[in-house]
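Colleague: First, the structure itself, so that you have it in front of you.
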Amino acid sequence: MSSSWVSNSSGGGTAGMVNWCCRGLCWDSWKDAWQMRMGCPCWMAFTERTEKLFPLRVRSTWFVEAQSDPRGSPVVLWLNGGPGCSSMEGFLKEHGPFLVQPDGVSLKYNDYAWNKVANMLYLESPAGVGFSYSDDKKYATNDTEVAHNNYLALKEFFRLFPEYSKNDLFLTGESYGGVYIPTLAEWVMQDPSLNLKGIAVGNGLSSYEINDNSLVYFAYYHGLLGTQLWKDLQTFCCSQGKCNFHDNSNLNCTLKMEEMIQIVEESGLNIYNLYAPCAGGVPGSMRYEGDYLVTHDLGNSFIRMPLKFSWRQNLFRMPVARKKVRMDPPCTNSTAPTMYLNSPEVRKALHIPPEAPEWQVCSFEVNRSYKRLYMQMNEQYLKLLGAMKYRILVYNGDIDMACNFLGDEWFVDSLCQKVQVARRPWLYTVGGENQIGGFVKEFTNIAFLTVKGAGHMVPTDQPLAAFTMFSRFIKNEPF
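Okay, so the sequence shown: first residue is 2 according to the numbering used here, each after it adds one.
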């Protein structure tokens, strides 16, 4: 792919998409690893404008062909979460063909890249995330608008690359992708021109209520909460055998939940991987770094608790004279991809336009102005399952606390689908030996799977197990 082009939208206005293949960058920088013919990352700007009165929106999309048989391999869309975080995190640190190294300059060939078996499409969404931007810099949006815009981006991609339009299509993502992917699937499943075969969501936010309630159990049974606090939580937050840790109005419950939140989210534990160290040490609530006021991502748990709600409101109203605000996921280190993608040489090689913003892993502006419309995804999943033709995989690293495995397991169980295969270990091969990769429970057209020893970013923590799982899913092979 080495062409550039401009296209017209179907709505009577103008739309453009500019695409350059980065093969020159790939070949020059990674010559030894580049075996004969291989997909290369491309930067594509998808613009939307109907009239001059409307803002120009430019969306950054990276596409990597399958390393073998791209015409016969499925197209897989990948979305990271947030809301407001870049899918380049998935590309450069999880399952892209090359992984950025700690020096922020060099890249290493990824033996477990997902484009070994699929054509991978990484979309930075919504506008304001990564290199995607709007010329009016107004980034307020919501779940419904994002789902529709992502659908339009898919349509434009296949219109401009018709050679892939008949390929099987899978929608995948992680974290807040638990909302992005099912809501996008609602649009895609109505369009017969798109050959949707299924969706996969990793460590996804499927239900705020279930995620909150399950996290308290996860924390206690992983040794994070003392016996007395656990007894108090049961006394004040539970009634008639049912506990409500999500939005309980009991004042004593609220006070004990604030203790629990302080331990799990504010004490310095790595919420994305319980057994990993906190990158950079135990963080404060905010710090100054050059021209930036740096705060941590507030996450998607306990958003209705007074402690979290007031902190969010105060943060968003905070005067930051002469300071820009950057939002980093807590206990993670995004220095390497930030250095790499903001390098003048890389921006030039990728044809990033000068007006595109400095790349950040997550956008404070998008996150703070984002309107969450869906509190659970039951309706979207049941629509997909009711069609009886789509395959669904819900997978979780089992030591993540941001979107814990227990909550997603409860969510899948709540869909009340017929069990086809009882919960069992699944195996993968390491050094010629079978090892347990986690556990899987299979229902009609949907499976719930855990990855042992992985946190929120499963391919980062367990790359071989994650690749095995992904390959089996898209090939419709038994787990």
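Note that the Cβ used here is the ideal one computed from N, Cα and C, for glycine as well. Quantities reported herein were computed from a predicted structural model and do not represent experimental measurements.
Which value, in whole angstroms, describes the spacing of the CA atoms of residue 177 and residue 77?
Modeller: The residue given as residue 177 occupies position 176 in the sequence shown. The residue given as residue 77 occupies position 76 in the sequence shown. Whole-angstrom Cα-Cα distance: 17 Å.
Colleague: Please state whether the Cβ-Cβ distance between residue 411 and residue 215 is less than 8 Å.
Modeller: Stepping through the sequence shown from its first residue, residue 411 is reached at position 410. Stepping through the sequence shown from its first residue, residue 215 is reached at position 214. In terms of Cβ geometry, residue 411 and residue 215 form a close pair [threshold 8 Å].
Colleague: Report yes or no: is there a C-beta of chain B within less than 8 Å of the C-beta of residue 448?
Modeller: Here chain B cannot be found, since the structure has a single protein chain.
Colleague: Determine the burial state of residue 117: buried for a count of at least 16 other Cβ atoms within 10 Å of its Cβ, exposed for fewer.
Modeller: Along the sequence shown, read from residue 1 onward, the residue named residue 117 stands at position 116. Flag for residue 117 reads buried.
Colleague: Which partner residues does residue 328 have in the DSSP bridge list?
Modeller: Along the sequence shown, read from residue 1 onward, the residue named residue 328 stands at position 327. In the DSSP output, where bridge partners are listed per residue, residue 328 has 296.
Colleague: How do the region 205-214 and the region 101-112 stand: do at least 3 beta-carbon pairs fall below 8 Å, yes or no?
Modeller: no
Colleague: So what does DSSP say about residue 460, is it helix, strand or coil?
Modeller: Within the sequence shown, the letter at position 459 stands for residue 460. The answer is helix: DSSP assigns residue 460 an H, G or I state.
Colleague: Nearest CA to the CA of residue 395: which residue from 302, 249, 446, 402?
Modeller: Position 394 of the sequence shown holds residue 395. Closest by alpha carbon: 446.
Colleague: In three-state terms, what does DSSP make of residue 179?
Modeller: Residue numbering aside, residue 179 sits at position 178 when the sequence shown is read from its first letter. Three-state DSSP puts residue 179 in a helix.
Colleague: With DSSP run on the structure shown, which of helix, strand or coil describes residue 468?
Modeller: By one-based count along the sequence shown, residue 468 stands at place 467. Residue 468 falls in the helix class under three-state DSSP.
Colleague: Leaving aside the five residues before and after residue 339 along the sequence, list all residues of the same chain whose C-beta is less than 8 Å from its C-beta, in chain order.
Modeller: Looking up residue 339 in the sequence shown gives position 338. Taken in chain order, the residues that qualify are 105, 360, 361, 362.
Colleague: For residue 184, count the other beta carbons within 10 Å of its own beta carbon; 16 or more makes it buried, fewer makes it exposed. Which is it?
Modeller: Taking the sequence shown and counting its residues from 1, one reaches residue 184 at position 183. Residue 184 is buried by the Cβ-count criterion.
Colleague: Name the residue from 146, 203, 350 whose alpha carbon lies nearest to the alpha carbon of residue 408.
Modeller: By one-based count along the sequence shown, residue 408 stands at place 407. Nearest of 146, 203, 350 to residue 408, Cα basis: 203.
Colleague: What residue range is occupied by the uninterrupted alpha helix (DSSP H) comprising residue 93?
Modeller: Locating residue 93 in the sequence shown gives position 92, counting from the first residue. Careful: residue 93 lies outside any alpha helix (DSSP H) and carries neither H nor E.
Colleague: Output the distance between the C-alpha atoms of residue 336 and residue 401, rounded to the nearest integer angstrom.
Modeller: The residue you call residue 336 lines up with position 335 of the sequence shown. The residue you call residue 401 lines up with position 400 of the sequence shown. Distance between the alpha carbons of residue 336 and residue 401: 22 Å.
Colleague: Three or more C-beta pairs under 8 Å: does that hold for the region 342-359 against the region 132-141?
Modeller: The answer is yes - the region 132-141 touches the region 342-359, with three or more Cβ pairs under 8 Å.
Colleague: Is it buried or exposed for residue 87, if we count other Cβ within 10 angstroms and need 16 for buried?
Modeller: Residue mapping note: residue 87 aligns to position 86 of the sequence shown, counting from 1. It counts as buried.
Colleague: Would you tell me roughly how many angstroms separate the C-alpha atoms of residue 277 and residue 252, rounded to the nearest one?
Modeller: As a position in the sequence shown, residue 277 is number 276, starting the count at 1. As a position in the sequence shown, residue 252 is number 251, starting the count at 1. Going by the C-alpha atoms only, they are around 34 Å apart.
Colleague: Where residue 428 and residue 201 are concerned, what is the direct C-alpha to C-alpha distance, given to the nearest angstrom?
Modeller: Against the sequence shown, residue 428 aligns to sequence position 427. Against the sequence shown, residue 201 aligns to sequence position 200. So the alpha carbons of these two residues sit roughly 19 Å apart.
Colleague: Along the chain, where does the beta strand (DSSP E) containing residue 395 start, and where does it finish?
Modeller: As a first step, residue 395 is located in the sequence shown; it is residue number 394 there, counting from the start. Counting along the chain, the beta strand (DSSP E) containing residue 395 begins and ends at 392-398.
Colleague: Are there three or more Cβ pairs, one per stretch, closer than 8 Å when the region 448-459 is compared with the region 192-201?
Modeller: no
Colleague: Could you check if residue 388 is buried or exposed, using at least 16 other CB atoms within 10 Å of its CB as the buried criterion?
Modeller: Locating residue 388 in the sequence shown gives position 387, counting from the first residue. Classification of residue 388: exposed, given that the 10 Å Cβ count is below 16.
Colleague: Return helix, strand or coil for residue 241, following the three-state DSSP convention.
Modeller: Residue mapping note: residue 241 aligns to position 240 of the sequence shown, counting from 1. DSSP places residue 241 in coil when its eight states are reduced to three.
Colleague: For the structure I just gave you, are there three or more beta carbon pairs, one from the region 245-261 and one from the region 430-437, closer than 8 Å?
Modeller: Taking one beta carbon from each stretch, the region 245-261 and the region 430-437 have fewer than 3 pairs nearer than 8 Å; the two do not touch.
Colleague: Taking the C-alpha atoms as reference points, what is the distance between residue 147 and residue 264?
Modeller: As a first step, residue 147 must be located in the sequence shown, where it is residue number 146. As a first step, residue 264 must be located in the sequence shown, where it is residue number 263. Taking the straight line from one Cα to the other gives about 33 Å.
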